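Read through the structure below, which is laid out as structure tokens, and then see the notes.
In this note's numbering, the protein residues as written are 4 to 246.
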């Protein structure tokens with residue numbers, strides 16, 4: 004096994020090794036160290052890299068191969084999910100409360116996913132939200148936050164980070180609304196990072212890392228949509244009757 008690449012947190016170029024140097028086991032582990040500054044995080048996403056580490060560990064950077072993604076036009080809505088959407092069980096909002104969504108994603112779960120979202124991570128993504136890059140989608144019932152997700156929008160690519168549900172189907176409905184909105188705004192890709200059955204049921208699939216890198220190289224720097232404020236929309240489109 005090769006020695007893990009360590010990133011200098013004082014590096015003014017926010018450098019990362021080439022993603023082709025990522026380990027096969029554990030799949031995608033590329034580097035450690037550095038910091039969670041907005042500049043470094045944005046550089047990482049543009050290179051196809053994301054942070055994922057547990058409290059007490061150094062910052063770990065990943066670029067797995069294959070990469071799970073959803074092309075927005077390939078969103079799958081099952082009959083049961085379509086019924087839930089038509090019944091209007093959830094009020095869906097955009098960027099209403101990113102901090103609450105991240106903290107909900109960080110709550111311990113039976114599968115232990117989510118515990119990697121440390122206070123430093125929460126602070127980092129709140130800073131990216133203030134800069135206009137980090138976004139959240141919320142699902143509400145009776146003014147109670149019951150599901151949602153958050154991620155980073157760069158150019159025509161949305162890099163999903165985490166999602167949660169306190170009520171059955173809440174995160175699926177939030178994700179479906181996000182995919183619909185991104186498709187309408189000509190986004191090319193939703194990065195789902197690693198394979199899960201939950202995301203596969205919505206149409207996400209694995210593609211080779213090289214293909215993923217080629218897509219983000221082409222679509223992360225679109226001048227028209229790369230502006231942080233371009234992701235914001237006043238209201239999610241109503242599309243219940245069309246599914």
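Beta carbons are placed, not taken as given, at the ideal position from N, Cα and C, and that holds for glycine. Given the structure is predicted, the values throughout are model-derived calculations rather than measurements.
Secondary structure note for residue 195: its beta strand (DSSP E) is the uninterrupted segment 192-196. Sequence-distant partners of residue 175 (beyond 5 residues in either direction) whose C-beta falls short of 7 Å from its own C-beta, in its chain, are 84, 205. A straight line joining the alpha-carbon of residue 7 with that of residue 70 spans about 21 Å. Considering only 23, 94, 127, 47, the residue with the shortest C-alpha distance to residue 16 is 47. Shown here, residue 6 sits in coil according to DSSP, grouped into three states, outside any helix or strand. Put simply, the stretch 93-104 does not touch the stretch 199-213. Fewer than three CB pairs are less than 8 Å apart. Cβ neighbours of residue 63 within its own chain (closer than 8 Å, five residues either side excluded): 32, 34, 35, 54, 55, 56. Inside the stretch 64-152, DSSP marks whole beta strand (DSSP E) runs of 3 or more residues at positions 70-73, 94-97, 137-144, from first to last along the chain. Under the DSSP assignment, residue 208 falls in the beta strand (DSSP E) whose first and last residues are 208-210. Residue 104 sits close to residue 151, with the two beta carbons spaced by under 8 Å.
Annotation for residue 184: the continuous alpha helix (DSSP H) segment containing it runs 173-187. In this structure, DSSP gives residue 56 a state outside helix and strand, which the three-state scheme calls coil. Taking every protein chain shown into account, the CB of residue 194 has 16 or more other CB atoms within 10 angstroms, so this residue is buried. For residue 23, the three-state secondary structure derived from DSSP is helix. According to DSSP, residue pairing for residue 200 in a beta bridge does not occur.
Of the other Cβ atoms in all chains shown, fewer than 16 fall within 10 Å of the Cβ of residue 189; this residue is therefore exposed. The DSSP-derived three-state label of residue 44 is helix.
DSSP places residue 28 in the coil class of the three-state scheme, outside both helix and strand.
Boundaries of the beta strand (DSSP E) harbouring residue 164: 160-168, taken from the DSSP string.
Distance from the CA atom of residue 172 to the CA atom of residue 178, rounded to whole angstroms, is 10 Å. Cβ neighbours of residue 81 within its own chain (closer than 8 Å, five residues either side excluded): 204.
Note on geometry: alpha-carbon atoms of residue 18 and residue 43 lie some 8 Å from one another.
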